[in-house]
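Colleague: Taking full-length UniProt numbering, I'd label the letters of the sequence shown as residues 1 to 98. The C-beta atom is built at its ideal place from N, Cα and C for all residues, glycine as well.
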Amino acid sequence: MNISPMAENLQPLIFISYCWESKDHEDHVISFANKLSSFGYHLEIDKIITQRHSSTHFIQMMEEGFFKSDKVIVILSEGYKVKADKFEGGWDASIELY
């Protein structure tokens, strides 16, 4: 994977959030992120952030991702819609930011 959170010269910073619903969906997200990275964008992806740290406060991580980034991409999917409709999973944490 070509995503480096420590790269200082890649701009702008883009935060990507998505529903962690399947390996296939995750592969598509990572492929998209790698494409953006190849164009010189610095990326932070919610799931990768949680994997880098042994303990991650989800709401704090989402808030930092939203507010420290130049752009935010939320990748919508059927699984994301289901969680949003039920106010469960990570989606409900994101609406608390507003």
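Taking the alpha carbon of I73 as the point to measure from, which residue in S38, H25, V29 has its own alpha carbon closest?
Modeller: Within the sequence shown, numbered from 1, the residue matching residue 73 stands at position 73. Ranking the options by Cα distance to I73, first place goes to V29.
Colleague: Going by Cα to Cα distance, which pick from P12, Q60, K83 is closest to L43?
Modeller: Along the sequence shown, one-based indexing puts residue 43 at 43. With distances taken between CA atoms, L43 lies nearest to P12 out of P12, Q60, K83.
Colleague: Whole angstroms are fine: how far does the CA of S37 sit from the CA of K83?
Modeller: Indexing the sequence shown from 1 puts residue 83 at position 83. Indexing the sequence shown from 1 puts residue 37 at position 37. Cα to Cα, the separation comes out at about 28 Å.
Colleague: Which residues mark the beginning and the end of the alpha helix (DSSP H) in which E26 is found?
Modeller: Within the sequence shown, numbered from 1, the residue matching residue 26 stands at position 26. 23–38 is the span of the alpha helix (DSSP H), which, as asked, contains E26.
Colleague: Could you tell me if G65 is buried or exposed, where buried requires 16 or more neighbouring beta carbons within 10 angstroms of its beta carbon?
Modeller: As a working note, residue 65 is residue 65 in the sequence shown. Buried is the call here.
Colleague: State the Cα-Cα distance for the pair Q60 and D46, rounded to the nearest angstrom.
Modeller: If you number the sequence shown from 1, residue 60 lands on position 60. If you number the sequence shown from 1, residue 46 lands on position 46. Approximately 11 Å between the Cα atoms of the pair.
Colleague: For M6, which three-state DSSP category applies?
Modeller: Within the sequence shown, residue 6 is the residue found at index 6, counting from 1. Below a pLDDT of 50, predicted positions are generally treated as unreliable, and M6, at 47, falls in that range; the measurement from the model is reported next regardless. Coil.
Colleague: Could you give the distance in angstroms between the alpha-carbon of Y18 and the alpha-carbon of E63?
Modeller: As a first step, residue 18 must be located in the sequence shown, where it is residue number 18. As a first step, residue 63 must be located in the sequence shown, where it is residue number 63. Computed Cα separation, rounded: 15 Å.
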